[in-house]
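Undergrad: Take this structure first; my questions come after.
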Amino acid sequence: MALTHSHEDHAGNAAWIQHHKNVPIYIHRDSVNLCAEDGDYPLYRQALWGERPAFVAQPFGQTLQTNAATWDVIETPGHTTDHLSFYNRETGAMFTGDLFIQPKTKVVLDEENIVHTLASLRKIVNYDFDVVYCCHAGFIVDGRTKIQEKIAYLEDMQGKVKQLFMQGYSVEEITKTIFPRDYPITKVSGEQWSSKHIITAFINHFTEESFI
């Protein structure tokens with residue numbers, strides 16, 4: 001069993017599978033110890049996706065060998081620091097976990113870094129693929145095109161955020177300018193999911209660049 005990352009909606013059944021099917025489970029090396037303990041996350045996420053019991057995972061190498069193919073294991077941080085994508089060398093299929101989701105991202109988790117997500121999206125388009133398997137959007141025939149659309153969307157947003165930031169706008173003002181709509185999940189999650197996290201990540205990146 002190959003996990004793209006340790007979030008409960010991806011790893012929640014790993015303990016059951018391990019107990020009942022006795023198959024090895026692989027995850028990013030940095031999350032092996034995390035998965036050895038029961039998941040700790042807010043009640044609203046437990047209500048949506050249930051619990052994530054502890055399980056024993058093994059770290060990936062650079063590739064994953066299955067009966068049918070060799071898969072490249074690609075580090076694609078952004079949604080989480082431990083996020084991975086899988087590329088099938090023979091069929092050209094790209095499994096993106098939660099890296100893509102949709103072309104136009106409106107809200108992200110507080111642990112997500114949209115700057116790293118953008119870098120990871122740019123990274124995977126260097127691979128030769130067309131179809132994408134996304135854990136939320138499903139099978140995407142024109143996956144490369146959709147990912148390129150998302151890259152263009154985020155690059156355009158990055159430019160707008162930088163312009164407003166240089167003009168002295170605050171995080172709250174920039175957020176309201178670019179995302180005028182209030183999304184229900186922001187309130188339900190106590191702002192764990194918020195458009196503001198996107199703006200903050202871009203601004204932190206601009207600030208870091210100014211000191212280099």
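Counting from 1, one number per residue, gives the positions in the sequence shown under our numbering.
Glycine included, each C-beta is placed from N, C-alpha and C at the ideal position.
Small disclaimer: the values here were computed from a predicted structure and weren't measured.
#1: Using the three-state DSSP reduction, which class does residue 105 fall into: helix, strand or coil?
#2: Mind the definition here: the stretch 184-193 touches the stretch 41-50 only if three or more C-beta pairs lie below 8 Å; say whether that holds.
#3: Can you tell me where the alpha helix (DSSP H) holding residue 32 begins and where it ends?
#4: Going straight from the alpha carbon of residue 117 to that of residue 100, what length do you get?
#5: So, with DSSP's three-state summary, where would you put residue 85?
#6: Below 8 Å CB to CB, which residues in the same chain sit around residue 141 once its five sequence neighbours on both sides are set aside?
#7: Helix, strand or coil for residue 57? Go by DSSP, reduced to three states.
#8: Excluding the 5 residues flanking residue 122 on each side, which residues of the same chain have their C-beta closer than 7 Å to its C-beta?
#9: Taking the DSSP output, what are the residues bridged to residue 134?
#10: Go to residue 175, then tell me how far its alpha helix (DSSP H) extends in each direction, as first and last residue.
#11: Which class does residue 48 belong to by DSSP, given the choice of helix, strand or coil?
#12: Among the candidates 29, 57, 33 and 28, whose CA atom is the shortest distance from the CA of residue 13?
#13: Mapping the DSSP letters down to three states, classify residue 155 as helix, strand or coil.
#14: Should residue 53 and residue 38 be called a contact, given that it needs their Cβ atoms to be closer than 7 Å?
#15: Determine the contact status of residue 113 and residue 78, defining contact as a CB-CB distance below 7 Å.
#16: On the CB-based measure, 16 or more other CB atoms within 10 Å of its CB, does residue 207 come out buried or exposed?
#17: My output table needs one value for residue 27: the three-state DSSP class, helix, strand or coil.
#18: Which residue's Cα is closest to the Cα of residue 143: 127, 156, 157 and 167?
#19: Apart from the five residues on each side of it in sequence, which residues of its chain come closer than 7 Å, Cβ to Cβ, to residue 213?
TA: So, from the listed chains and residues:
#1: coil
#2: yes
#3: 32-35
#4: 9 Å
#5: strand
#6: 130 and 131
#7: coil
#8: 151
#9: 97 and 138
#10: 171-178
#11: helix
#12: 57
#13: helix
#14: yes
#15: yes
#16: exposed
#17: strand
#18: 127
#19: The question about residue 213 has no answer, for the chain in this structure spans 1 to 212.
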